[in-house]
Amino acid sequence: MADSIVSGVATTEEVRSYWEQHIHDLAITTHPVGSRAFFEDLDQYHFEKLHHLPRLVPFELVASKTVLEVGCGAGVDLARFARGGARVTGVDLAQSAIDLARTNFAQQGLPGNFRVADGEHLPFSHDSFDIVYAHGVVQYTANPERLVQECRRVLKPGGQAIFQVYNRVSWLNLLSKVMKVGLEHEDAPVLKKLSIGEFRRLLSGFRDVRIVPERFTVKSGLHGGWKGAIYNGVFVGTFNALPRSLVERFGWHLLAFC
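Numbering (my numbering), first residue to last: 28 to 285.
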């Protein structure tokens, strides 16, 4: 698969080392790392940028369900599952992420289990969780096939696995090349982008797969200068004025419900 599934790209330790130093969206907050205001800024920005998530993901319909998030980061999404009444577990390759997630949950008084673990070798028995959530993880792991297999292994029969990857055939991937503006975490040891067909083949072990393209253009607060002005002032409005039927397949994020 071109520009997508490649084995042996990086070692697990190289991936771990990178993510010990890099957490998504840190650039959007000026508050001290680990403060309540820091986590509130992460949550606000995350769900403004990804406003489709509350509509598509059953954060509030999970009472008494067991939820595993693979690559939980600072626990922003997992906290929403916890507030919905789920019994949550978060794993991440990076100790720094697990430390932040624990702090985030402690400040909110939310129960949760956290541990450093590799998504390609999950430390759980078969059929352990009602929901396995891996948002923004597959594209950064050295062996995505293995990670998906592990998520399927620990999912209970009749449960749901939710994955998100970057769409190689997307407006943002094209715009980044035309405008010569790098994408987030392009310097990561592994960064894969998949077409819808490639993503579906990766998930072929599941009985039922629904793929939803999302993450369309919204104004950015991270990019300035003339490129930022053109993007925010012209491109966003023009793109969003197009009929959704024409642009739907070109969303930057592909979400799969399996």
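Ideal placement from N, C-alpha and C gives every residue a C-beta, glycine not left out.
Item to complete: Quick one: measure Cβ to Cβ for V42 and L120, integer angstroms, because I've assumed they're closer than 8 Å.
Response: Between L120 and V42 the Cβ distance is about 6 Å, and since that is below 8 Å, they are a contact.
Worksheet item: Could you give the distance in angstroms between the alpha-carbon of H148 and the alpha-carbon of E211?
Response: 26 Å
Discussion item. Which residue marks the beginning of the alpha helix (DSSP H) containing F190, and which one marks its end?
Written reply: Counting along the chain, F190 falls outside any alpha helix (DSSP H), though it belongs to the beta strand (DSSP E) covering 182 to 194.
Worksheet item: I think F190 touches V208, with their Cβ atoms under 8 Å apart; what is that distance to the nearest whole Å?
Response: No, F190 and V208 are not in contact; Cβ-Cβ is about 26 Å, not under 8 Å.
Discussion item. Quick check: the Cα distance between R110 and A37, rounded to an integer number of angstroms?
Written reply: 36 Å
Worksheet entry | S62 versus A124: straight-line alpha-carbon distance, rounded | 14 Å
Fill in: Sequence-distant residues of the same chain with beta carbon closer than 6 Å to F151, five excluded per side
Excluding its 5 nearest sequence neighbours in each direction, F151 has C-beta neighbours in its own chain below 6 Å: V181, listed in chain order.
Discussion item. What does the alpha-carbon distance come out to for the pair T130 and L105?
Written reply: 13 Å
Worksheet entry | Coarse secondary structure for S34, derived from DSSP in three states | Its pLDDT being 39, under 50, S34 is placed unreliably by the model, and the measurement read from it follows with that caveat. In this structure, S34 counts as coil in the three-state DSSP scheme.
Worksheet entry | Euclidean distance between Cα positions of N170 and G186 | 23 Å
Worksheet item: In this structure, what does DSSP give as the bridge partners for I158?
Response: According to DSSP, I158 bridges with V94, Q187.
Item to complete: Classify E75 as buried or exposed, calling it buried when 16 or more other Cβ atoms lie within 10 Å of its own Cβ.
Response: exposed
Worksheet item: If we ignore side chains and look at the alpha-carbon of each, how far apart do I55 and G100 end up?
Response: 16 Å
Worksheet item: The alpha helix (DSSP H) spanning H73 covers which residue range?
Response: 63 to 76
Worksheet entry | From G163, R227, C285, residue whose alpha carbon lies closest to that of G98 | G163
Discussion item. By alpha-carbon positions, which one of T39, T93, Q48, F86 ends up nearest to P184?
Written reply: Selected option, being the one with the closest Cα: T93.
Worksheet item: Taking Cβ positions only, does Q135 come closer than 7 Å to chain B?
Response: In the structure shown, chain B cannot be found, because there is only a single protein chain.
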